[in-house]
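What follows is a short report on a single structure.
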Amino acid sequence: MAWVILIGALLSHWLGRSLDQQFVKVLAPIFRHQARQGSGKASLYAVPSLATSVILELNAMVKLINSRLLRVNRLSLELEDMNAKLEKSRQELHHLSTTDPLTGCYNRRELVRRLEDEIARANRQESELSYLCFDIDYFKRVNDTYGHAMGDAVLLNVADTIRSRLRATDCFCRSGGEEFTILLPNCSSETGRNYAELQRLGVAEAVTILDGTAVQVTISLGLSTYSPGQDDAEALMARADAALYASKENGRNQVTVG
3 MAWVILIGAL
13 LSHWLGRSLD
23 QQFVKVLAPI
33 FRHQARQGSG
43 KASLYAVPSL
53 ATSVILELNA
63 MVKLINSRLL
73 RVNRLSLELE
83 DMNAKLEKSR
93 QELHHLSTTD
103 PLTGCYNRRE
113 LVRRLEDEIA
123 RANRQESELS
133 YLCFDIDYFK
143 RVNDTYGHAM
153 GDAVLLNVAD
163 TIRSRLRATD
173 CFCRSGGEEF
183 TILLPNCSSE
193 TGRNYAELQR
203 LGVAEAVTIL
213 DGTAVQVTIS
223 LGLSTYSPGQ
233 DDAEALMARA
243 DAALYASKEN
253 GRNQVTVG
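Going letter by letter, the sequence shown gives residues 3 to 260 in this note's numbering.
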């Protein structure tokens, strides 16, 4: 925005100087006439008859002014258009820097930022915050058996299935290859567990179809809940990761609360 204001100021300065020069040029004969009359001072009440050439020059100056005003207006519109495009580019860049391109989920960088914000909010409001992480079970086997195109299709289908059951306040992130995280503001451990079970069942029932081949997967989940003043972000994530590991060790396709 600063450069737009600077360009506008420069255009205004240039136009003002240009018009001033034109007025001086046209009015010079009047001042010279009065000087010859010995007044020594220009007066608006002693203006001589204007020669045809002066009238034509005034007319030309008016046309020049109108032309330059039109040009300034056109430049202003172009600057507004450029500013709108820059703002759109800024928004697109922000989206790219915070979003996973395949699934449309937030990326790990945004997860860290959002987690800090949600913990600060939980501390202010003295509310609970649940942290739910999950992995797709045997995802490497999907890639090895059906190829990476099917693997991508499974990732997208799982993300869409989870997304369809998100609350408006939830923050859904892809934190790794087949690893995902959901931040659940104002969510107790019991509510979070029920929510995790709902998501687990939804994924287990979903079917991914690519080129006539159907694949079903399951997920293992780990849940931890933040209580103001009791732990921090690192402890919250560590407990959820440990719970996820326990889900895998105990047979997968289940929820463990840490």
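All C-beta atoms, glycine included, are put in the ideal place defined by N, C-alpha and C.
For E181, the first and last residue of its enclosing beta strand (DSSP E)
181 to 187
Where DSSP assigns a beta bridge to F136, which residues make up the other side?
F182, L223
Local conformation of D176 per DSSP, three classes
The residue you asked about is not Asp; residue 176 is Arg in the sequence shown. Note: R176 maps to strand in three-state DSSP.
In terms of alpha-carbon separation, which member of L238, G231, L113, R110 lies closest to N125?
G231
Extent of the continuous alpha helix (DSSP H) to which V160 belongs:
150 to 165
Closest to E180 by C-alpha separation, out of H150, Q127, T215, C189, would be which residue?
H150
Element boundaries [beta strand (DSSP E), containing L212]
210 to 212
Excluding sequence positions up to five away, which residues of its chain have a Cβ less than 8 Å from the Cβ of R110?
C175, R176, S177, G178
Just how far apart, CA to CA, sit T258 and L134?
10 Å
Sort K250, L185, I211 by Cα distance to L168 and report the nearest one.
L185
Counting Cβ pairs, one atom from each stretch, are 3 or more of them under 8 Å apart for the stretch 112 to 125 and the stretch 145 to 165?
no
Among residues of its own chain, excluding the 5 on either side of L46, which ones have a beta-carbon nearer than 8 Å to its beta-carbon?
For L46, the predicted structure reports a pLDDT of 48, less than 50, and the residue's modelled location is therefore unreliable. A value from the coordinates is still provided. Once the five neighbours on either side are set aside, L46 has no close Cβ partner at all.
Helix, strand or coil, according to DSSP, for Y47 in the structure here?
Any reading at Y47 needs caution, since the residue's pLDDT is 48, under 50, leaving its predicted position unreliable; the model's value is listed next. Y47 falls in the coil class under three-state DSSP.
Please confirm if S91 has its CB atom under 8 Å from at least one CB of chain D.
Annotation note: the requested chain D is absent from the structure, which comprises a single protein chain.
Please report the straight-line C-alpha distance between L312 and E207, rounded to a whole angstrom.
One cannot answer for residue 312 here, as it falls past the ends of the chain, which runs 3 to 260.
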